[in-house]
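Top to bottom, those sequences are chains F and V.
Everything in the first sequence is counted per our numbering, starting at 31 for the first residue and increasing by one.
Everything in the second sequence is counted per our numbering, starting at 37 for the first residue and increasing by one.
All C-beta atoms in this analysis are idealised placements derived from N, C-alpha and C, irrespective of residue type, glycine included.
For clarity, every value in this text was computed on a predicted model and none was experimentally measured.
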Amino acid sequence: MKTKVIFLCVVICMAFSIYSYTLQNKESALSALTLMNVEALAHDEHTNTVLCVSTGSVDCPNNHVKVEYYK
Amino acid sequence: MKIYPLLLLLFLASCASFHQDNGTAYSSFPREKQLYAQTLEVDTALFRYPFRVRIEGDKAIVLDLHGTDHYCHVFLYPEFTYLSSFGKRGDSPQEMLSIENIRYGTDGSVWILDSNKGELDRFVFSSSGDSLILNRIVALDKSLLRALDFAQLDESTFVVPDYSGETRFCKINQTGRVVGKGGTIPTTNNEAYAKARPALAQAWRSFVDYNPGNGVLAAVTQLGEVLEIYNLKDSTHVVRIGPNGEPEFQIADGYGVPTGIMGFSDVKVTDRAIYAVFHGRTFKEIAQQKETRVDGGQYIYVFSLEGEPICKYTLDRYVNGIHVDEEKQLITATDVNNDQPIIQFSFD
């Protein structure tokens, strides 16, 4: 009976560890994605993938000049 | 029996993870009225894109978003006689790369936000009162990424929308350091909220205004039709969403590319109400404009300080920035489509 209890405790501990590890990995993946996006917003060196048109009040993400629209 | 506390804990934890306040929709205004502009003749051809107008006492300041030599121009009010210009365009330490907004400070000084330099600059009037002198440069905390609007909360604190999307607003002190963050983007787009927060924040770029008299901070989205009201005195938060919904966008390489409508372009919190300039044209329509291009909003929406729709003014001009004088029942506005861009509307 005592062995069974110890075995059960070990299984629970292992399951909890695996769950925590998975959760941590998910969070770091999200964090990395967020950081990547943040860098995209913060730096001008990013490849220009949007086309900014004319003069206006919309912030162009390529060069932070105010344009009429971008697409 | 022992399982109930555990279930309660799980329930509370699931409640705590809800981030959005989806807000209340509005579909119409109880009152609608047409307003007709009166042009204020300005004798100097200064402007390329007059975006903001601020008036205090006998001075009016107009921000030209695309100014060639200077971004800001000072006029005697109400005559609108030109006095001087400041905010010189350039990349030397005392010059500006861009100016997003100007605000009168609580002490009569003038603050401007240069987002491309990441600075808040304080100007004071010269002894003659005709011109402004750069008095202090405040470098903004790098963690702000990009501050696209600001309002002064009190003598030592400013608020700027959080461009990272992590929260809704950042509080910064007079040395430019972030001293607090709060709120969340009230979106229903859970996927973008979870996976592309910066693009979402970009699409939710908002203009703000704060009235220290009643503690109301209002934010309106440049895309879509969302008004948020934070009452800092009683800590209430109201979200009002118009018929055009929240900002629509698609994600392209991490950027939030607008796909819906051009929404609000300015907001003003007075002692009695909230006034917001609304465009309401789709980007498709804007892109298809040919010879007669117009830029600006043809509507001024008036909400109560609690967010209830009061009145919809339809204008005979398209405007971007407004100053509201409730005592004189006058709205001064900027019209980028006209050679005489400073106009006034009488309202009741």
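Cβ of residue i within 9 Å of any chain V Cβ
| i | result |
| --- | --- |
| N55(F) | Residue placement at N55(F) is flagged as unreliable, the pLDDT there being 44, under the threshold of 50; the coordinate-derived value follows with that caveat. Not an interface residue. |
| T33(F) | no |
| F37(F) | no |
| E98(F) | yes |
Under 9 Å between C-beta atoms of residue i and residue j
| i | j | result |
| --- | --- | --- |
| T142(V) | Q188(V) | yes |
| N280(V) | I265(V) | no |
| E261(V) | G299(V) | yes |
| G249(V) | L268(V) | no |
| Y199(V) | A237(V) | yes |
| F161(V) | I169(V) | yes |
| V110(V) | K95(V) | yes |
| K96(F) | S134(V) | yes |
| T295(V) | F314(V) | no |
| K207(V) | T220(V) | no |
| S167(V) | L112(V) | no |
| V360(V) | T272(V) | no |
| N373(V) | Y349(V) | no |
| L263(V) | F285(V) | no |
| T60(V) | V195(V) | no |
| S151(V) | E136(V) | yes |
| R158(V) | T85(F) | no |
| I358(V) | A73(V) | no |
| V303(V) | D245(V) | yes |
| P283(V) | A230(V) | no |
| Y99(F) | I346(V) | no |
| Q376(V) | T104(V) | no |
Interface flag, residue i vs chain F, CB-CB below 9 Å
| i | result |
| --- | --- |
| D331(V) | yes |
| A183(V) | no |
| L101(V) | yes |
| Q258(V) | yes |
| F87(V) | yes |
| Y291(V) | yes |
| I322(V) | yes |
| R139(V) | no |
| R125(V) | no |
| R84(V) | yes |
| N152(V) | yes |
| F319(V) | yes |
| S134(V) | yes |
Residue i beta carbon near the ligand MN (any heavy atom closer than 8 Å)
| i | result |
| --- | --- |
| D352(V) | Questions concerning the ligand MN fall outside what the structure shown contains, since it holds no ligand whatsoever. |
Burial state of residue i, where buried means 16 or more other Cβ atoms lie within 10 Å
| i | result |
| --- | --- |
| T257(V) | buried |
| P413(V) | This structure cannot speak to residue 413(V), because chain V is shown only from 37 to 384. |
| G216(V) | exposed |
| S242(V) | buried |
| T388(V) | No answer is possible for residue 388(V): the residues shown for chain V start at 37 and end at 384. |
| D185(V) | buried |
| R67(V) | exposed |
| I138(V) | buried |
| S87(F) | buried |
| N105(F) | Lying outside 31 to 101, the shown extent of chain F, residue 105(F) is not represented and no answer is given. |
| P91(F) | buried |
| A254(V) | buried |
| F37(F) | exposed |
Below-9 Å beta-carbon distance, residue i vs any chain C residue
| i | result |
| --- | --- |
| T328(V) | Looking for chain C here will not work: the only protein chains present are F and V. |
Interface positions of the segment 354-378 of chain V facing chain F (Cβ-Cβ less than 8 Å), listed along the chain:
Across the segment 354-378 of chain V, CB contacts with chain F closer than 8 Å involve N356, in sequence order along the chain.
Which residues, in order along the segment 201-221 of chain V, keep a beta-carbon less than 9 Å from a beta-carbon of chain F?
With the criterion set as a beta carbon lying under 9 Å from some beta carbon of chain F, the members of the segment 201-221 of chain V are G201 and E202, in sequence order.
Using a Cβ distance threshold of 8 Å, determine whether the segment 112-126 of chain V contacts the segment 94-104 of chain V, with at least three qualifying pairs required.
The segment 112-126 of chain V vs the segment 94-104 of chain V: in contact.
Counting Cβ pairs closer than 8 Å, one from the segment 301-321 of chain V and one from the segment 332-344 of chain V, do we hit at least three?
Remark: three or more beta-carbon pairs, one from each stretch, lie closer than 8 Å, so the segment 301-321 of chain V and the segment 332-344 of chain V are flagged as touching.
If the cut-off is 7 Å on Cβ atoms, which residues from the segment 272-303 of chain V count as contacting chain F, listed in chain order?
The residues in question are A288, D289, G290, Y291, V293, P294 and S301.
Does the pairing of the segment 195-215 of chain V with the segment 170-184 of chain V give three or more beta-carbon distances under 8 Å?
Contact between the segment 195-215 of chain V and the segment 170-184 of chain V is present: 3 or more CB-CB pairs across the two stretches fall below 8 Å.
Closer than 9 Å between beta carbons: that is the criterion. Which residues of the segment 79-90 of chain F meet it against chain V?
Residues of the segment 79-90 of chain F with a C-beta less than 9 Å from any C-beta of chain V: T79, V80, V83, S84, T85, G86, S87, V88 and D89, listed in chain order.
Counting Cβ pairs, one atom from each stretch, are 3 or more of them under 8 Å apart for the segment 353-369 of chain V and the segment 74-92 of chain V?
Enough Cβ pairs lie closer than 8 Å, so yes.
Mind listing which residues of the segment 237-250 of chain V have their C-beta closer than 9 Å to chain F's C-betas, in chain order?
Taking 9 Å as the Cβ-Cβ cut-off against chain F, the residues of the segment 237-250 of chain V that qualify are A237, Q238 and R241.
Just checking, does the segment 320-334 of chain V make contact with the segment 272-288 of chain V on the three C-beta pairs under 8 Å criterion?
Judged by Cβ distances under 8 Å, the segment 320-334 of chain V makes no contact with the segment 272-288 of chain V, as fewer than three pairs qualify.
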